[in-house]
Amino acid sequence: MGENFNLNSIIRENIKKLKPYSTARDEFKGQASIWLDANENPFGSPLHHHYHRYPDPKQWKLKDKITQIKGVPPQNIILGNGSDEIIDLLFRAFCTPGKDNVIVMPPTYGIYEVSANINDIEVKKVPLTMGFQMDLDGIAEAIDENTKLIFICSPNNPTGNSLFREDVETLLANFKGIVVVDEAYINYSQQKSFIQELTEYGNLFVSQTFSKAWGLAGLRLGMGFASEEIIEVLNSIKPPYNINQATQDLAFEALDNVSQVNEWIQQTVLEREKLVKALVELPFVQKIYPSDANFILVKMDNAHQVYLKLCEKGVILRDRSQVEQLEDCIRITVGTAQENKELVRYLAELAL
Ligand SMILES: Cc1ncc(COP(=O)(O)O)c(C=O)c1O
974 MGENFNLNSI IRENIKKLKP YSTARDEFKG QASIWLDANE NPFGSPLHHH
1024 YHRYPDPKQW KLKDKITQIK GVPPQNIILG NGSDEIIDLL FRAFCTPGKD
1074 NVIVMPPTYG IYEVSANIND IEVKKVPLTM GFQMDLDGIA EAIDENTKLI
1124 FICSPNNPTG NSLFREDVET LLANFKGIVV VDEAYINYSQ QKSFIQELTE
1174 YGNLFVSQTF SKAWGLAGLR LGMGFASEEI IEVLNSIKPP YNINQATQDL
1224 AFEALDNVSQ VNEWIQQTVL EREKLVKALV ELPFVQKIYP SDANFILVKM
1274 DNAHQVYLKL CEKGVILRDR SQVEQLEDCI RITVGTAQEN KELVRYLAEL
1324 AL
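So the mapping is simple: the working numbering equals the position in the sequence shown, first residue as 1, plus 973.
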């Protein structure tokens, strides 16, 4: 266990003193036939039979099923209204506004910075190197006594590559705050997830999501994995019923479809490689960055114009050409075989 890490020393003072909200469903556990404790409508719901009841605040039934797939015990899991909610909870639990700071490594997922700004937390940017890997010396220099979180996105959005495992381990072993490893795209990656390392590092927080490989972006369900102590702090500050009953039910059902999800992952990886092969043939494509995710970053001549031309055709890509270090880059999500074929056809037409 990282001896450098003392959870108590990084929890915000107001959170340490907090008396969490206790729901009606937290206070009574057991069997009952008459529920008159939560001001619900006793007659039922116009929709599903149990929607007139508040959902389980800790989502135990769903977490038990996640445990079967991920191998992480339920008490080490927090669920959020998307992983974006979980990121926000990390700020609210550990970062004191106007005082603390966090480290992010651009170009990366934009929400870390936005969430920091909303919470009035300073963002220290340590850009990724030319090969889009971590600059460990730069990070060591940036860390000060008020640095509470380091955000690592691996595979990284929008560059697509995985970050070196040894570098993540170096940070885990030495950083006195929490290392957040965002694994939204881990299902598409050659790399192992860090969730196996939770018992090794008390300062590790891994986030994953149902929005990508699981095909449930519309439900809004994110997963956080960490020590029981970290999860308890986050549970104490989350909105009590943050995962609605419909999402809990549907995600529970979806978890029976592991083989379908694995098939989609294989197909996506296959399509990704086909797409790369087709794109390198285009004369205006300068570079395709190696991807471990379900998208690829492509550098091309006049990227912004290409983006606009494709919009005219009804094909929407993610224009990243104005982002520092990503000049003339477009991020392309890997679609179905048919979608990718059409994309390549439209791009080829531009080359004529
Ligand atoms: C790296 C990364 N993390 C998290 C998310 C958001 O996940 P969720 O839909 O669970 O909020 C995204 C979405 O694009 C992402 O790219």
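Just so it is clear, CB atoms sit at the ideal spot from N, CA and C, and this is done for glycine as well.
The three-state reading of DSSP puts phenylalanine 1064 in helix, counting H, G and I together. Listed in chain order, the non-local C-beta contacts of glutamine 1259 below 8 Å within the same chain comprise Lys1272, Met1273, Asp1274, Asp1301, local neighbours out to five positions each way being set aside. Under the rule that a run must span 4 or more residues, the alpha helix (DSSP H) segments found entirely inside the segment 1085-1156 read 1109-1115, 1138-1147.
In the DSSP annotation of this structure, leucine 1020 is not part of any alpha helix (DSSP H), being labelled neither H nor E. Across the set Glu1095, Gly1111, Ile1094, the C-alpha of Gly1111 shows the shortest separation from the C-alpha of threonine 1102. DSSP assignment within the segment 1229-1287 yields the following whole beta strand (DSSP E) runs of 3 residues or more, N-terminal first: 1258-1261, 1268-1273. In the displayed model, glutamine 1163 falls within coil according to three-state DSSP, outside both helix and strand. Pairing isoleucine 984 with alanine 1089 gives a Cβ-Cβ distance that is not under 8 Å. Assignment of beta-bridge partners to threonine 1309 by DSSP yields no partner. Taking C-beta atoms as the reference points, leucine 1145 and leucine 1063 fail to come closer than 8 Å.
In this structure, the straight-line span from the alpha carbon of phenylalanine 1268 to that of serine 1200 is close to 31 Å. Rounded to the nearest angstrom, the Cβ distance from asparagine 1014 to histidine 1025 is 5 Å, consistent with a contact under 8 Å. For phenylalanine 1225, there is no enclosing beta strand (DSSP E); the enclosing alpha helix (DSSP H) has its first and last residue at 1218-1227. A check of alpha carbon separations from serine 1232 across Pro993, Ile1216, Gln1221, Trp1187 identifies Trp1187 as the nearest.
When beta bridges are read from the DSSP output, phenylalanine 1178 appears opposite Val1153. DSSP places leucine 991 in the coil class of the three-state scheme, outside both helix and strand. For tyrosine 1280, the closest of Tyr1262, Ile1303, Leu1270 by C-alpha to C-alpha distance is Ile1303. Residue environment: asparagine 1129 is assigned as buried (16 or more neighbouring CB atoms within 10 Å of its CB, all protein chains considered). Every residue whose Cβ sits closer than 5 Å to any heavy atom of ligand 1 is listed here in chain order: Gly1055, Ser1056, Asp1057, Tyr1082, Cys1126, Asn1130, Asp1155, Ala1157, Thr1182, Ser1184, Gly1195. Residues of the same chain with a CB within less than 8 Å of the CB of isoleucine 1210, apart from the 5 flanking positions on each side, are Ile988, Leu991, Pro993, Leu1062, Arg1065, Ala1066 in chain order. CA-CA distance, asparagine 1134 to glutamine 1278, rounds to 25 Å.
At a Cβ-Cβ threshold of 8 Å, leucine 1290 and isoleucine 1305 count as neighbours. Short of 8 Å from the beta carbon of serine 1294, and not among the five residues preceding or following it, lie these beta carbons of its own chain, in chain order: Ala1276, His1277, Tyr1280, Glu1300, Asp1301, Cys1302, Ile1303.
Closest in alpha carbon position to alanine 1190, among Ser1162, Leu1223, Phe1178, Gly1175, is Leu1223.
The beta carbon of isoleucine 1059 is closer than 7 Å to those of Ile1051, Gly1053, Ser1180, Gly1195, Gly1197 in its chain, skipping five residues each way along the sequence. Per DSSP, the unbroken alpha helix (DSSP H) holding isoleucine 1204 starts and ends at 1201-1210.
Within the DSSP secondary-structure output, aspartate 1292 pairs in a beta bridge with Ile1303.
Taking one beta carbon from each stretch, the segment 1232-1246 and the segment 1156-1168 have 3 or more pairs nearer than 8 Å; the two touch. In this structure, asparagine 977 and lysine 1149 form a Cβ contact; the two beta carbons are roughly 5 Å apart against a cut-off of 8 Å. Using a Cβ distance threshold of 8 Å, phenylalanine 1016 and aspartate 1010 do not count as a contacting pair.
Here asparagine 1049 is buried, its C-beta having at least 16 other C-beta atoms within 10 Å.
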